[in-house]
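Enquirer:
Residue numbers (our numbering), protein chains in the order written: chain A, 14 to 413; chain B, 14 to 413.
1) Which residue's Cα is closest to the Cα of residue 98(A): 384(B), 333(B), 370(B), 55(B)?
2) Within this structure, are the beta carbons of residue 366(A) and residue 132(B) separated by less than 8 Å?
3) Tell me where the alpha helix (DSSP H) around residue 406(B) begins and ends.
4) Give the DSSP-derived three-state secondary structure of residue 156(B) in the structure shown.
5) Can you give the Cα-Cα distance for residue 409(A) and residue 309(B), rounded to whole angstroms?
6) Pull out every residue of the stretch 338-359 of chain A whose Cβ sits closer than 9 Å to any Cβ of chain B, in chain order.
7) Use the C-beta contact count for residue 89(A): other C-beta atoms within 10 angstroms, 16 or more gives buried, fewer gives exposed.
8) Can you name, in chain order, every residue of its own chain whose Cβ lies under 6 Å from the Cβ of residue 112(A), other than the five neighbours on each side?
9) Going by alpha carbons, who is nearest to residue 339(A) out of 298(A), 263(A), 176(A)?
10) Which word fits residue 63(A), buried or exposed, when buried means at least 16 other C-beta atoms lie within 10 angstroms of its C-beta?
11) Of the choices 344(A), 321(A), 243(A), whose alpha-carbon is the least far from that of residue 68(A)?
12) Should residue 324(B) be labelled buried (16 or more other beta-carbon atoms within 10 Å of its own) or exposed?
13) How is the beta strand (DSSP E) around residue 244(A) delimited, first residue to last?
14) Evaluate the contact criterion for the stretch 396-406 of chain A versus the stretch 345-355 of chain A: three or more CB pairs, one atom per stretch, below 8 Å.
15) Would you call residue 117(B) buried or exposed, if buried means 16 or more other Cβ atoms sit within 10 Å of its Cβ?
16) Using the beta-carbon count (16 or more within 10 Å), is residue 200(B) buried or exposed?
17) Which residues in the same chain have their Cβ closer than 6 Å to the Cβ of residue 370(B), if we skip the five residues on either side of it in sequence?
18) Suppose the cutoff is 6 Å on Cβ atoms and the five residues either side in sequence are ignored; what does the same chain contact list for residue 251(B) look like?
19) What residue range does the beta strand (DSSP E) around residue 137(A) cover?
20) Under a three-way DSSP split, which group does residue 321(A) fall into?
21) Buried or exposed, going by whether 16 or more other CB atoms sit within 10 Å of the CB of residue 341(A)?
22) Determine whether the beta carbon atoms of residue 255(B) and residue 208(B) lie at a separation below 8 Å.
23) Which residues in chain B sit within 8 Å of residue 95(A), going by Cβ to Cβ distance?
24) Compute the beta-carbon to beta-carbon distance between residue 27(B) and residue 150(B), rounded to the nearest angstrom, for a pair I have assumed lies under 8 Å.
25) Classify residue 241(A): buried if its beta carbon has 16 or more other beta carbons within 10 angstroms, exposed otherwise.
26) Please list the partners that residue 405(B) has in chain A, where partner means a Cβ-to-Cβ separation under 7 Å.
27) With a threshold of 6 Å on Cβ separation, who are the neighbours of residue 274(A) within its own chain once the five nearest residues in sequence on each side are excluded?
28) In chain B, which residues lie with their C-beta within 8 Å of the C-beta of residue 361(A)?
29) Which residues mark the beginning and the end of the beta strand (DSSP E) in which residue 178(A) is found?
30) Rounded to whole angstroms, what's the CA-CA distance from residue 19(A) to residue 337(B)? Just pull it up for me.
31) Can you pull the chain B neighbours of residue 364(A), defined as C-beta to C-beta under 8 Å?
32) Comparing the C-beta of residue 324(B) with each C-beta of chain A, is any distance below 8 Å?
33) How is the beta strand (DSSP E) around residue 394(B) delimited, first residue to last?
34) Looking at the secondary structure, which residues open and close the beta strand (DSSP E) in which residue 311(B) lies?
35) With three or more beta-carbon pairs closer than 8 Å as the criterion, would you say the stretch 277-284 of chain A touches the stretch 174-191 of chain A?
36) From residue 389(A) to residue 315(A), what does the alpha carbon distance come to, in whole angstroms?
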């Protein structure tokens, strides 16, 4: 039985990690530059956007983690460095060089991230001046500053930390994330940085991160708009001094995986529920699919159906829109064996409208937290998808 | 060279078609029941929604046109008769019987359509009383009434008529459509009924309708929400007395196809541009794809990217969102060979940001009609997709 507990400490909860953040002038008056650094070499893995218009820094990050090691993360907000061609790539590489010089490591050990408007060159003079100031500022005390520093239109900083035993030692994982859904005005990007002092083989770290991301960040949607810069990066520096985990059977791996899954889901939900203009936190549980992947696709189809999102904003029990969304997925299922449940009220089952009280059903929608459950009736695959509702504020916030 | 011209007359422009409309009480005070009828037997074809939660009437329609003949169309608004199980199917079949009795034809020759809220049973007492009144009311003068009768939240009735020569005779096609995009509150449905007096073999009619729909109604999107009731139906009664067209080489077929393509595109654009809350008419032209299908998928991805729709509402020249949308399609293309043009301004080409004046580019967006052109740079496939922008009114209009 996996065991872990949540703790304080944010992204710096794990030992031998430090952070710094500053305003270097990309934005007028908010933090726009963040550095996370491991005081010792760390195993590293990252999952990157699949968008074909990928931003320059994602190529640098891909290269940095290719050998399984990295020690520093440098991230700016206010400019995505995307659709910037050759110069953009050179600029991202230069950010790695500057960050490496500031922390005394090779540029090849630096993960680079950017978020902000697409199609504009980075103001490199500001980064040339700003990044060197971060080295001396690195501290164990800057967890909150780091969480704030990667915010764009987020309405609150997003962090989480957990503790568990692995390899005979108490280990910790801390993480931060940014993104008001995938829908920030001008800066459609989800970033998450995770630091752990667990000792773990990089191949196992990669597999575990990938699987956890599949069930967390890849299960959220605000508007279905995939970003060019999405990055989740993890550094594992072994500072907890436990026995390294190499195989899934190793002592504590079960705890590590459960803890990482909890942390990534917690951060992912914070993003989904902080969708711009959102007034509802929506959890969609899909059962009876042929596989997890099919269940998740159904969940995302429901999550992205605008007419459901506007209906939840209006607190209207128009469950037929969930039926329409399910059918529009074109996934292979049988409506006559499907069930649809909205906020505890079963509306459709056994090929017929269920007997329910419409007034009671509508009343239940006056809640901040909304629960949608559907059963596809064709297997035992399950998935949970998190999203938010759709309000006029979303449009107003995103018109520029 | 195909030749045709637009004419007056709406859906009854072709000879030997009549129509009637009434309020039978499904809606409080608007027309909610429409009948179209051919005075002579007609070849018939229909394309139906692919949504897996298909409405009951679509099964009746599918069955009606299976033998290639139909003579009457009965359509109600105010109730979709979808997710209504066995009773819904019986109700749709009963509508066909009633319409057949009213026009003196077999029920198997009746096309049935419904549009409105999902998951409620039809008020059959009102239809039992209402449908028989339509028979005596059928008239050549009711084209406008028919166009109005299928409206739901449409802000204007949508019709079109064309004339051309085929088989040695002047032929006509008239059509009506409804749907404020696919996004009507409670009644997400697009319907279009087309009447022609051309004489045409039903197999050729089917193929031609399918191809024209692929390039018209299947090229529009308001919010990507597929409906449960979408139906396009055509009746061809041969009343123009021309030589029947059987093969694509036959005299006048080229004119017929061009005229039908024009009419379906005209109606489709009327729907896309009447999207709820819309303030812009957006035309997206995709070039350089590997195929028409790939070009259309790219166009629809751009059309459904909410951040582009909100940006057009805000008249902001944030072309990077088009890049992000293209990349998110996951279609196989090379950003370095792609071009992006927004309202006449080339923003991206040859793997780099183009040299353009931002103020001029932004100024051009103060137009009702918006033009987006992208080139994928991998082939010579092309497609045009029509959509509208996304305003706070959309959310307010759809919250119930």
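Heads up, the beta-carbon is just placed ideally off N, CA and C, and yes, glycines get one too.
Computed from a predicted structure; not experimentally measured.
Expert: Looking at the coordinates:
1) Taking the first chain and counting its residues from 1, one reaches residue 98(A) at position 85. For the residues 384(B), 333(B), 370(B), 55(B), the minimum Cα distance to residue 98(A) belongs to 333(B).
2) Indexing the first chain from 1 puts residue 366(A) at position 353. Indexing the second chain from 1 puts residue 132(B) at position 119. A contact, by the Cβ cut-off of 8 Å.
3) Locating residue 406(B) in the second chain gives position 393, where the first residue counts as 1. That run of the alpha helix (DSSP H) goes 405-410.
4) Counting from one through the second chain, the residue named residue 156(B) turns up at place 143. Three-state DSSP puts residue 156(B) in a helix.
5) In the first chain, the residue the question calls residue 409(A) occupies position 396. In the second chain, the residue the question calls residue 309(B) occupies position 296. If I take the Cα positions, the gap works out to 29 Å.
6) 338, 339, 340, 341, 342, 343, 344, 345, 346, 347, 348, 349, 351, 353
7) Taking the first residue of the first chain as 1, we reach residue 89(A) at position 76. Buried, since its Cβ has 16 or more Cβ neighbours within 10 Å.
8) For the purposes of this step, residue 112(A) is identified with residue 99 of the first chain, where counting begins at 1. Correct list, in chain order: 85, 87, 123, 144.
9) Reading the first chain from its first residue, position 326 is the one you call residue 339(A). Residue 298(A) is the option with its Cα nearest to residue 339(A).
10) Within the first chain, residue 63(A) is the residue found at index 50, counting from 1. By the 10 Å Cβ count, residue 63(A) comes out exposed.
11) As a working note, residue 68(A) is residue 55 in the first chain. Residue 68(A) has its Cα closest to that of 243(A), out of 344(A), 321(A), 243(A).
12) Residue numbering aside, residue 324(B) sits at position 311 when the second chain is read from its first letter. Buried, since its Cβ has 16 or more Cβ neighbours within 10 Å.
13) Position 231 of the first chain, counting from 1, holds the residue named residue 244(A). 244-249 is the extent of the beta strand (DSSP E) around residue 244(A).
14) no
15) Locating residue 117(B) in the second chain gives position 104, where the first residue counts as 1. Per the 10 Å Cβ criterion, exposed.
16) Taking the first residue of the second chain as 1, we reach residue 200(B) at position 187. The predicted position of residue 200(B) is uncertain, since its pLDDT is 36 and thus under 50; a value taken from the coordinates is nonetheless stated next. Buried, since its Cβ has 16 or more Cβ neighbours within 10 Å.
17) Taking the first residue of the second chain as position 1, residue 370(B) is located at position 357. Answer for residue 370(B): no residue qualifies.
18) In the second chain, residue 251(B) corresponds to position 238, counting from 1. Counting only Cβ-Cβ distances below 6 Å, and skipping sequence neighbours, we find 212.
19) What you label residue 137(A) is simply residue 124 of the first chain in a count that begins at 1. That residue, residue 137(A), is in no beta strand (DSSP E); its alpha helix (DSSP H) goes 137-150.
20) For the purposes of this step, residue 321(A) is taken as the residue at position 308 of the first chain. If DSSP states are grouped into helix, strand and coil, residue 321(A) belongs with the helices.
21) On the first chain, residue 341(A) is found 328 positions in, with the first residue counted as 1. Answer is buried; the Cβ neighbour count reaches 16.
22) If you number the second chain from 1, residue 255(B) lands on position 242. If you number the second chain from 1, residue 208(B) lands on position 195. Going by C-beta atoms, residue 255(B) is not nearer than 8 Å to residue 208(B).
23) On the first chain, position 82 is the one that residue 95(A) refers to. 333, 336, 337, listed in chain order.
24) Reading the second chain from its first residue, position 14 is the one you call residue 27(B). Reading the second chain from its first residue, position 137 is the one you call residue 150(B). Between residue 150(B) and residue 27(B) the Cβ distance is about 19 Å, and since that is not below 8 Å, they are no contact.
25) What you label residue 241(A) is simply residue 228 of the first chain in a count that begins at 1. Answer is buried; the Cβ neighbour count reaches 16.
26) For this step, residue 405(B) is matched to residue 392 along the second chain. Result: 405, 408, 409.
27) For this step, residue 274(A) is matched to residue 261 along the first chain. The answer, listed in chain order, is 225.
28) Residue mapping note: residue 361(A) aligns to position 348 of the first chain, counting from 1. Result: 96, 132.
29) Stepping through the first chain from its first residue, residue 178(A) is reached at position 165. Note, residue 178(A): beta strand (DSSP E), 171-179.
30) In the first chain, residue 19(A) corresponds to position 6, counting from 1. In the second chain, residue 337(B) corresponds to position 324, counting from 1. The straight-line gap from Cα to Cα measures roughly 36 Å.
31) Residue 364(A) sits at position 351 when you count from the first residue of the first chain. Those are 98, 99, listed as they occur along chain B.
32) Numbered from 1 along the second chain, position 311 holds the residue referred to as residue 324(B). It does: the Cβ of residue 324(B) has a partner Cβ on chain A nearer than 8 Å.
33) Here residue 394(B) refers to the residue found at position 381 of the second chain. Where residue 394(B) is concerned, the enclosing beta strand (DSSP E) stretches over 394-401.
34) Indexing the second chain from 1 puts residue 311(B) at position 298. Run containing residue 311(B): none in the beta strand (DSSP E); it sits in the alpha helix (DSSP H), 305-316.
35) yes
36) Locating residue 389(A) in the first chain gives position 376, where the first residue counts as 1. Locating residue 315(A) in the first chain gives position 302, where the first residue counts as 1. C-alpha separation (whole angstroms): 13 Å.
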